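Q:
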Amino acid sequence: MMLSSARADPAERVLALGGVVTEIVYALGQGDRLVARDTTSSFPPEASDLPDVGYVRALSAEGVLSVGPDLIIAIEGSGPPETMQVLQSADIEIVTIPEGYDGDAVLEKIRVVAEALDVPEEGARLAAEVDVALGAAIAPHGSDTAPRVLFILSLQGGRIMAAGADTAAEGIIGLSGGVNAMEGFDGYQQISDEAVLLADPDVILMMDRTGDHDADTSEILTHPVLGRTSAAKNGAIVRQPGLLLLGFGPRTPEAIEALSEAFRRARG
Numbered sequence: 040m041m042l043s044s045a046r047a048d049p050a051e052r053v054l055a056l057g058g059v060v061t062e063i064v065y066a067l068g069q070g071d072r073l074v075a076r077d078t079t080s081s082f083p084p085e086a087s088d089l090p091d092v093g094y095v096r097a098l099s100a101e102g103v104l105s106v107g108p109d110l111i112i113a114i115e116g117s118g119p120p121e122t123m124q125v126l127q128s129a130d131i132e133i134v135t136i137p138e139g140y141d142g143d144a145v146l147e148k149i150r151v152v153a154e155a156l157d158v159p160e161e162g163a164r165l166a167a168e169v170d171v172a173l174g175a176a177i178a179p180h181g182s183d184t185a186p187r188v189l190f191i192l193s194l195q196g197g198r199i200m201a202a203g204a205d206t207a208a209e210g211i212i213g214l215s216g217g218v219n220a221m222e223g224f225d226g227y228q229q230i231s232d233e234a235v236l237l238a239d240p241d242v243i244l245m246m247d248r249t250g251d252h253d254a255d256t257s258e259i260l261t262h263p264v265l266g267r268t269s270a271a272k273n274g275a276i277v278r279q280p281g282l283l284l285l286g287f288g289p290r291t292p293e294a295i296e297a298l299s300e301a302f303r304r305a306r307g
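Okay, so the sequence shown: first residue is 40 according to our numbering, each after it adds one.
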């Protein structure tokens with residue numbers, strides 16, 4: 040946790056930056072303290088009633104300052120850096136929530152958000168509940184029958200942008216009993232046709248949303264490369280809402296359970 044200034048009283052005008060941050064604030068019962076959120080904050084539905092200060096990685100200092108926050112709780116990577124520097128010099132407390140892609144990271148996010156909001160008891164309660172749910176949901180690792188899963192971030196112009204190592208996608212795939220079909224690179228990268236055919240995934244996983252990154256099932260099935268994979272031939276195309284799938288927040292046990300079941304079906 041990183042603080043840019045100190046305050047004597049609990050903050051009452053909180054800006055949440057990052058969908059998982061907003062989700063945790065509401066899960067802690069503190070949604071009434073929010074004055075604004077960023078574009079990625081899509082859950083719970085009532086969050087959409089809050090003013091939107093823009094995309095979490097492309098914020099303007101003017102837009103943030105216009106909502107008059109006395110506390111900013113920001114997911115790691117919020118920015119750009121020059122905007123965060125301006126905000127840090129504006130005598131507003133900023134708490135940075137560490138990113139991470141495993142069960143411990145989920146619990147740490149909850150604890151840090153709760154501490155920032157001065158509700159540690161609520162944080163401990165929520166973390167304990169989520170910890171139990173994670174323990175029940177996380178699938179066994181290392182099975183010889185674990186499905187190979189290709190996560191596609193986007194399919195614009197037929198070009199496949201896939202998840203490699205050290206990504207939220209790889210993290211949720213592993214917790215759900217699968218293995219990342221892509222190896223040899225970190226982050227999200229455009230991959231070659233040959234790499235897809237060599238990986239031959241059992242499951243294709245995508246975010247269920249609209250916009251530039253979306254591709255319907257027919258586009259996958261008729262894609263000249265994806266259509267030749269085992270996943271496409273068997274209709275093993277799985278979708279989840281982006282924040283649920285990749286947020287690593289209080290609903291992550293729900294995401295794991297749904298993916299685990301989808302992976303079991305894919306393996307027959």
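Ideal Cβ positions, reconstructed from N, Cα and C, are used throughout, including at glycine.
Remember, predicted model here, so these are calculated numbers, not experimental data.
What's the C-alpha gap between A202 and D247?
A: Translated into positions along the sequence shown, residue 202 becomes position 163. Translated into positions along the sequence shown, residue 247 becomes position 208. Going from the Cα of A202 to the Cα of D247 covers about 16 Å.
Q: Tell me which same chain residues have a C-beta within less than 6 Å of the C-beta of T79, skipping the five on either side of it?
A: Taking the sequence shown and counting its residues from 1, the one referred to as residue 79 is at position 40. So the qualifying residues of the chain are G58 and V95.
Q: What are the residues that DSSP puts in a beta bridge with N219?
A: For the purposes of this step, residue 219 is taken as residue 180 along the sequence shown, with counting starting at 1. According to DSSP, N219 bridges with V188.
Q: With DSSP as the reference, identify every bridge partner of Q228, one or two as the case may be.
A: Counting from one through the sequence shown, the residue named residue 228 turns up at place 189. By DSSP's assignment, Q228 forms a beta bridge with A201.
Q: If P108 and I131 are in contact, beta carbons under 8 Å, what's the gap, nearest whole angstrom?
A: In the sequence shown, counting from the first residue as 1, residue 108 sits at position 69. In the sequence shown, counting from the first residue as 1, residue 131 sits at position 92. Sure, about 6 Å apart at Cβ, within 8 Å.
Q: Leaving out five residues before and five after A208 in sequence, what residues of the same chain have Cβ atoms less than 6 Å from its Cβ?
A: Taking the first residue of the sequence shown as 1, we reach residue 208 at position 169. Counting only Cβ-Cβ distances below 6 Å, and skipping sequence neighbours, we find F190 and A202.
Q: Please list the terminal residues of the continuous beta strand (DSSP E) segment that includes I114.
A: Your numbering for residue 114 matches position 75 in the sequence shown. Residues L110 to I114.
Q: Taking 8 Å as the cut-off, does the stretch 151-168 touch the stretch 61-80 (at least 3 CB pairs, one atom from each stretch)?
A: yes
Q: According to DSSP, simplified to helix, strand and coil, what is D170?
A: Stepping through the sequence shown from its first residue, residue 170 is reached at position 131. Three-state DSSP puts D170 in a helix.
Q: Does DSSP put G57 in a helix, in a strand, or in coil?
A: Here residue 57 refers to the residue found at position 18 of the sequence shown. Coil, per DSSP.
Q: Candidates I211, G223 and I133: which alpha carbon is nearest A55's?
A: Residue 55 sits at position 16 when you count from the first residue of the sequence shown. Relative to the Cα of A55, the nearest Cα in the group I211, G223 and I133 belongs to I133.
Q: In angstroms, rounded to a whole number, what distance separates the CA positions of A155 and A175?
A: Within the sequence shown, the letter at position 116 stands for residue 155. Within the sequence shown, the letter at position 136 stands for residue 175. The alpha-carbon atoms of A155 and A175 are separated by roughly 28 Å.
Q: Just mark T135 as buried or exposed, buried being the case when its beta carbon has 16 or more other beta carbons within 10 Å.
A: The residue you call residue 135 lines up with position 96 of the sequence shown. Buried, by the Cβ-count rule.
Q: Hey, how far is the Cα of P179 from the Cα of V106?
A: If you number the sequence shown from 1, residue 179 lands on position 140. If you number the sequence shown from 1, residue 106 lands on position 67. So the two alpha carbons sit approximately 45 Å from each other.
Q: Looking at C-alpha atoms only, which residue of L265, A271, G139 and E296 is the closest neighbour of Q279?
A: To locate residue 279, count along the sequence shown from 1; it is residue 240. For Q279, the nearest C-alpha among the options comes from E296.
Q: What are the uninterrupted segments assigned as alpha helix (DSSP H) that are 4 or more residues long and contained completely in the stretch 115-174, given in chain order?
A: 120-127 and 142-155
Q: Hey, quick one: how far does the alpha helix (DSSP H) through L103 stretch, first residue to last?
A: On the sequence shown, residue 103 is found 64 positions in, with the first residue counted as 1. Before going further, note that residue 103 is Val rather than Leu in the sequence given. Per DSSP, V103 belongs to the alpha helix (DSSP H) from A100 to L104.
Q: Going by DSSP in three states, V64 sits in which element: helix, strand or coil?
A: Walking along the sequence shown from the start, residue 64 turns up at place 25. Looking at V64 - three-state DSSP - the assignment turns out to be helix.
Q: Near L42, which residues of its chain fall below 8 Å by C-beta distance, leaving aside the five closest residues on each side in sequence?
A: Sequence index remark: in the sequence shown, residue 42 carries index 3 (1-based). At L42 the pLDDT is 44, less than 50, meaning the model places this residue with poor confidence; the figure from the coordinates comes in the next sentence. Contacts found: E132, I133 and V134.
Q: To the nearest angstrom, report how far apart D170 and G210 are at their CA atoms.
A: For this step, residue 170 is matched to residue 131 along the sequence shown. For this step, residue 210 is matched to residue 171 along the sequence shown. Distance between the alpha carbons of D170 and G210: 16 Å.
Q: For I112 and D88, I'd like the C-alpha separation in whole angstroms.
A: If you number the sequence shown from 1, residue 112 lands on position 73. If you number the sequence shown from 1, residue 88 lands on position 49. Rounded to the nearest angstrom, the two C-alpha atoms are 18 Å apart.
Q: For A167 and G197, I'd like the C-alpha separation in whole angstroms.
A: By 1-based counting over the sequence shown, the position of residue 167 is 128. By 1-based counting over the sequence shown, the position of residue 197 is 158. Each residue's alpha carbon lies about 44 Å from the other.
Q: Taking the straight line between their C-alpha atoms, what separation do you get for E147 and S128?
A: Taking the sequence shown and counting its residues from 1, the one referred to as residue 147 is at position 108. Taking the sequence shown and counting its residues from 1, the one referred to as residue 128 is at position 89. Approximately 27 Å between the Cα atoms of the pair.
Q: Since I276 contacts V235 with CB under 8 Å, what's their CB separation in whole angstroms?
A: Counting from 1 along the sequence shown, the entry for residue 276 is found at position 237. Counting from 1 along the sequence shown, the entry for residue 235 is found at position 196. The pair is not a contact, with the Cβ atoms about 14 Å apart (cut-off 8 Å).
Q: Look at the alpha carbon of R303 and the alpha carbon of G216, and state the distance between them as a whole number of angstroms.
A: The count along the sequence shown starts at 1 and reaches residue 303 at position 264. The count along the sequence shown starts at 1 and reaches residue 216 at position 177. If you take the alpha carbons of R303 and G216, they lie about 9 Å apart.
Q: Go through its chain and collect everything with a Cβ distance to R290's Cβ below 6 Å, but skip five positions before and after it.
A: As a working mapping, residue 290 is identified with position 251 in the sequence shown. So the list reads L283, once near-sequence residues are dropped.
Q: Give the range of the alpha helix (DSSP H) segment to which A305 is assigned.
A: Here residue 305 corresponds to residue number 266 of the sequence shown, with the count starting at 1. Here the alpha helix (DSSP H) through A305 covers T291 to A305.
Q: From T256, Q195 and E101, pick the residue whose C-alpha is nearest to that of Q229; which is it?
A: Your numbering for residue 229 matches position 190 in the sequence shown. Ranking the options by Cα distance to Q229, first place goes to Q195.
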